[in-house]
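As you go down the protein sequences, you meet chains A and B in turn.
Anchor point for the first sequence: position 42 equals 42 in our numbering, and the numbering is continuous, going up by one each time.
Anchor point for the second sequence: position 156 equals 1156 in our numbering, and the numbering is continuous, going up by one each time.
C-beta atoms are modelled at their ideal positions from N, C-alpha and C, and glycine is treated no differently.
Just so you know, these numbers come straight off a predicted model, no measurement behind them.
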Amino acid sequence: MREITLSQAVNEALAEEMRRDPTTFILGEDVAEAGTPFKVLSGLVEEFGTARVIDTPISEPGFVGIAVGAAMTGARPIVDLMFGDFLYLVMDQLCNQAAKQQYMSGGKLSVPMVVRTNLGATRRSGAQHSQSLHALVAHIPGLKVALPSSAYEAKGLMKTAIRDNNPVVIIEDKLMYQDKAPVPEDEYLIPFGVANIKREGSDITLIGTSSMVQVAEAAARILEAEGISAEVIDPRTIVPLDEETLLKSVRKTSRAIVIDEGHQNYGITGEIASRLNEKAFYYLDAPVLRMGAMDVPIPFSPVLEDLTVPTPEGVAENARRLCAGEMIHAA
Amino acid sequence: MTSKTNAKTNTTKALSTAEYLRMYTQMVRIRTFEDNANQLYLSAKMPGLTHMYSGQEAVAVGICEALNDNDHITSTHRGHGHCVAKGANFTEMFCELLGKEEGYCRGKGGSMHIADQSHGNLGANAIVGGSMGIATGSALRAKLLGHDDVTVCFFGDGGTAQGLLYEVMNMAALWNLPVIYACENNGYSEYTKTEEIAAGSITARAEAFGIEAFTVDGQDVIAVNELSKKLVARCRNNEGPFFVELMTYRYHGHHVGDINREYYRSKQEEADWKENRDPIIHFRSWLIEQGIATEDEIETLNQEIKQDAKTAVAYAEAAAYPDLSEVDMHVYAETDPATLRAGN
């Protein structure tokens, strides 16, 4: 199968969906000729013109609000939010406006829009361009949240996001834009709420999201050499969450670590761990561990920044200790 | 080039008798709706609070009578007037205010989120200025998809303090969008005089973006309607956006519970507006002077509207609440599974 980069996969998904549906359009900062700072959208303005690939002023609440109104009245906007950190700027439009229209109107108004943005530290970008803020939006009823972990997921999830009748926040790992993966040439979509078992195992379940799927897989390879069999699962969407697949795995392995690049406090890792505790408690041989980003603003200095994100070695070490029964009474 | 004009009532008859009477009827329907809503609050029959539109009727009616059902509006927390003026009926509105299943939003929205999609009302909004993006986005959609509808964005003088307004006006002007920003200046930003929160000129802010801005007497329904018709036609002719500041007055407090309010507004000032600048009294006198309607005909209309409201309130009071199973319905819209398959 051919291999393409995550960036190309997103670009293909957008182009295919824009050819399919004339009500779709892209808006955001530097999306047209510039094709975004990450060049993900290169070539789209040449095919679809500036009427459908719209450069906006640097007014995030303004253009997200505009997308909400366009979506409520029959278009399917795809908003490009240049950095995930800018989610803070658009919280009212996303969480008070987009997320609640369907419910507040008793099902009469819907907001079929996509916000595509990114996450990920270790790019030496400092505290305001490195955050992984998906927990903020996952907390809000009415929003769906997708976290692609490779080029394959990026394309298939994006196509579903565009066709979904709800506001969807799809967050790409900005460090993976140039990573290649096998992507079929034939059209495919990845449904929301269906986790992907990346690797089967019997001793411990490693649940990783987005960038942390690679980390979990690398940890599994380390553990395999030591005779520990780790199962790696990528939920692919955290809202909706495929709880069944996660529970089934944990009932089999009896141990789990949840790994996510958002801050650990009050984060995705805590939510998933809690669901496993509530619904698979009697199957567990050890507490479910959380491994999120450190609860510090992301530092600039490379030696400090690298400490903030879970690593394969760190995951492997925790897995080893869980499997050895060392952490059963850990505080 | 921008211009600022002060529209005044054209004293010659430009509309048909039916059109004038419809404007009068809609204004009285709003006032009557609010009187009943206030009564429901005072008698503890309505959950929560609500924000009265009384005093501002000529704004909503003058503008909405220049629109058709395909045109869109976005409304505010003080939104009952916009909702009635855009064509909503009393029964579904009162049901919504009381949280009943037959309300416009199945009781899930309430006063501050009432929406009536069937008449193009994209909804009230409980965040001051919260719908400015929505209105502008509706206009962008119209332009993008080649639709000829116009969107009116209602907001108050208080809303002009939100940064969102300036972001979206900038884009509306850059992209020539068919949207009219209608600023209802009722003199008060919640519990604070507008002069204390708004520096400089409100219309000059729109003009800075190259948006043509107008100031109009918001108590004069004919002046509002004449200006609105011109601007709507110009929007359809790709000449938008526009900005209108409508000078008006809020008879009640910020909300129905804001009763002792002399610390920010005198009773004398309120009485002056009610006695001398009431939009309904003013228009009623004009209709009679012009021979468009007689006193008897006007009284008959008023009584019919009162009766309609009474019937609707009684219906809403007796109507059923939503089934408890509805609490987690409508969080997400359905998506047809077929559209999510490759090849479709």
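(1) Exposed or buried, what is A1233(B) when buried is set at 16 or more other beta-carbons lying within 10 Å of its beta-carbon?
(2) Indicate the three-state DSSP secondary structure (helix, strand or coil) for D306(A) in the structure shown.
(3) Please work out which residues of its chain come closer than 7 Å, Cβ to Cβ, to V288(A), disregarding the five sequence neighbours upstream and downstream, and give them in chain order.
(4) Does the distance from the CB of G1133(B) to the CB of V64(A) come in under 8 Å?
(5) Consider the Cβ of I1127(B): report whether some Cβ of chain A lies at a distance smaller than 8 Å.
(6) Is it true that the segment 1212-1230 of chain B meets the segment 1048-1058 of chain B, where meeting means three or more beta-carbon pairs spaced less than 8 Å apart?
(7) Can you list the beta strand (DSSP E) stretches of 3 or more residues lying completely in the segment 93-169 of chain A, in chain order?
(8) For chain B, is any of its Cβ atoms less than 8 Å away from the one on E33(A)?
(9) For D85(A), does the three-state DSSP call read helix, strand or coil?
(10) With DSSP run on the structure shown, which of helix, strand or coil describes C1105(B)?
(11) Taking all protein chains shown into account, decide if S1266(B) is buried (16 or more other Cβ within 10 angstroms of its Cβ) or exposed.
(12) For chain A, is any of its Cβ atoms less than 8 Å away from the one on G1137(B)?
(13) Taking V1331(B) as the query, report the chain A residues whose CB atoms sit under 8 Å from its CB, ordered along the chain.
(14) At a CB distance below 7 Å, what residues from the segment 107-120 of chain A approach chain B? Give them in sequence order.
(15) Excluding the 5 residues flanking H1383(B) on each side, which residues of the same chain have their C-beta closer than 8 Å to its C-beta?
(16) Which chain A residues are close to M1132(B), counting only those with a beta carbon under 8 Å from its beta carbon?
(17) Span of the alpha helix (DSSP H) holding P182(A)?
(18) M72(A) versus chain B: which residues are under 8 Å apart at the beta carbon?
(19) Check the Cβ of V68(A) against every Cβ in chain B and list those closer than 8 Å, keeping chain order.
(20) Check the Cβ of T1091(B) against every Cβ in chain A and list those closer than 9 Å, keeping chain order.
(21) Would the C-beta of E1195(B) count as close to the ligand GTP, meaning under 7 Å from any of its heavy atoms?
(22) With 8 Å as the threshold, decide whether the Cβ of E17(A) is near any Cβ in chain B.
(23) Is the CB-CB distance between E323(A) and I228(A) below 8 Å?
(24) To the nearest angstrom, how far is it from the Cα of G334(A) to the Cα of D92(A)?
(25) So the candidates are I140(A), P182(A), G106(A); which of them puts its Cα closest to the Cα of A154(A)?
(26) By Cβ distance below 6 Å, which residues in the same chain neighbour G270(A) in space, the five residues on each side in sequence not counted?
(27) Which residues of the segment 1075-1105 of chain B have a Cβ closer than 8 Å to any Cβ of chain A? Give them in chain order.
(28) Using a 10 Å radius around the Cβ and a threshold of 16 neighbouring Cβ atoms, would you call Y1020(B) buried or exposed?
(29) Using the three-state DSSP reduction, which class does V213(A) fall into: helix, strand or coil?
(30) For P191(A), would you say it is in contact with chain B, using Cβ-to-Cβ distances shorter than 8 Å as the test?
(31) Which residues of the segment 175-188 of chain A have a Cβ closer than 8 Å to any Cβ of chain B? Give them in chain order.
(32) Answer with buried or exposed for D1272(B), where buried requires no fewer than 16 other C-beta atoms within 10 angstroms of its C-beta.
(33) Does the Cβ of T1311(B) have 16 or more other Cβ atoms within 10 Å, making it buried, or fewer, making it exposed?
(34) Cutting at 6 Å between CB atoms, please list the residues of its own chain near G126(A), excluding the five before and the five after it.
(35) Compute the distance between the beta-carbons of G84(A) and T117(A), then report whether it is under 8 Å.
(36) Any C-beta of chain A sitting closer than 8 Å to the C-beta of V1256(B)?
In short:
(1) One-based indexing of the second sequence puts residue 1233(B) at position 233. With fewer than 16 Cβ atoms within 10 Å of its Cβ, A1233(B) is classed as exposed.
(2) Here residue 306(A) corresponds to residue number 306 of the first sequence, with the count starting at 1. Residue state, collapsed to three classes: coil.
(3) Counted from its first residue, the first sequence places residue 288(A) at position 288. Hits under 7 Å: A256, V258, A273, L276, N277.
(4) By 1-based counting over the second sequence, the position of residue 1133(B) is 133. By 1-based counting over the first sequence, the position of residue 64(A) is 64. For G1133(B) and V64(A), yes; Cβs fall inside 8 Å.
(5) The residue you call residue 1127(B) lines up with position 127 of the second sequence. It does: the Cβ of I1127(B) has a partner Cβ on chain A nearer than 8 Å.
(6) yes
(7) 114-119, 144-146
(8) In the first sequence, counting from the first residue as 1, residue 33(A) sits at position 33. With 8 Å as the cut-off, E33(A) does not count as an interface residue toward chain B.
(9) Here the question's residue 85(A) lines up with position 85 in the first sequence. Helix.
(10) In the second sequence, residue 1105(B) corresponds to position 105, counting from 1. Of the three classes helix, strand and coil, the one that applies to C1105(B) here is coil, per DSSP.
(11) In the second sequence, the residue the question calls residue 1266(B) occupies position 266. By the 10 Å Cβ count, S1266(B) comes out exposed.
(12) On the second sequence, residue 1137(B) is found 137 positions in, with the first residue counted as 1. Closer than 8 Å to some Cβ of chain A, the Cβ of G1137(B) qualifies, so yes.
(13) Residue 1331(B) sits at position 331 when you count from the first residue of the second sequence. By Cβ distance, chain A contributes Q102, Y103, P141, G142.
(14) G107, K108, L109, S110
(15) Residue 1383(B) lies beyond the range of chain B shown here (1001 to 1344); nothing can be said about it.
(16) Reading the second sequence from its first residue, position 132 is the one you call residue 1132(B). Neighbours of M1132(B) on chain A, chain order: G65.
(17) What you label residue 182(A) is simply residue 182 of the first sequence in a count that begins at 1. P182(A) -> not in any alpha helix (DSSP H); beta strand (DSSP E) instead, spanning 180-182.
(18) For the purposes of this step, residue 72(A) is identified with residue 72 of the first sequence, where counting begins at 1. Under the 8 Å cutoff, chain B gives L1122, I1134, G1137, S1138.
(19) The residue you call residue 68(A) lines up with position 68 of the first sequence. Near V68(A) (Cβ distances below 8 Å), the residues of chain B are G1133, I1134, G1137.
(20) By 1-based counting over the second sequence, the position of residue 1091(B) is 91. Simply none; closest approach about 15 Å.
(21) As for the ligand GTP, it is missing from this structure, which has no ligand bound.
(22) Start at 1 with the first residue of the first sequence, and residue 17(A) comes out as number 17. It does not; no Cβ of chain B falls within 8 Å.
(23) Within the first sequence, the letter at position 323 stands for residue 323(A). Within the first sequence, the letter at position 228 stands for residue 228(A). First, the residue type needs correcting, since residue 323(A) is Cys and not Glu in the sequence shown. For C323(A) and I228(A), yes; Cβs fall inside 8 Å.
(24) Summary: the structure shown does not reach residue 334(A), with chain A confined to residues 1 through 331, and so no result is reported for it.
(25) Position 154 of the first sequence, counted from the first residue, corresponds to residue 154(A). Among I140(A), P182(A), G106(A), the Cα nearest to that of A154(A) is on P182(A).
(26) Position 270 of the first sequence, counting from 1, holds the residue named residue 270(A). Cβ neighbours of G270(A) beyond the five flanking positions: R290.
(27) G1103, Y1104, C1105
(28) The count along the second sequence starts at 1 and reaches residue 1020(B) at position 20. Around the Cβ of Y1020(B), a 10 Å sphere holds 16 or more other Cβ atoms; the residue is buried.
(29) Indexing the first sequence from 1 puts residue 213(A) at position 213. Helix, per DSSP.
(30) For the purposes of this step, residue 191(A) is identified with residue 191 of the first sequence, where counting begins at 1. P191(A) counts as touching chain B.
(31) Result list: D186, E187, Y188.
(32) The residue you call residue 1272(B) lines up with position 272 of the second sequence. Exposed, because fewer than 16 other Cβ atoms sit within 10 Å of the Cβ of D1272(B).
(33) As a working mapping, residue 1311(B) is identified with position 311 in the second sequence. Exposed, since its Cβ has fewer than 16 Cβ neighbours within 10 Å.
(34) The sequence position of residue 126(A) within the first sequence is 126, counting from 1. So the qualifying residues of the chain are F300.
(35) As a working mapping, residue 84(A) is identified with position 84 in the first sequence. As a working mapping, residue 117(A) is identified with position 117 in the first sequence. Closer than 8 Å, so yes.
(36) Here the question's residue 1256(B) lines up with position 256 in the second sequence. Using beta-carbon distances, V1256(B) does not count as an interface residue toward chain A, since no partner is under 8 Å.
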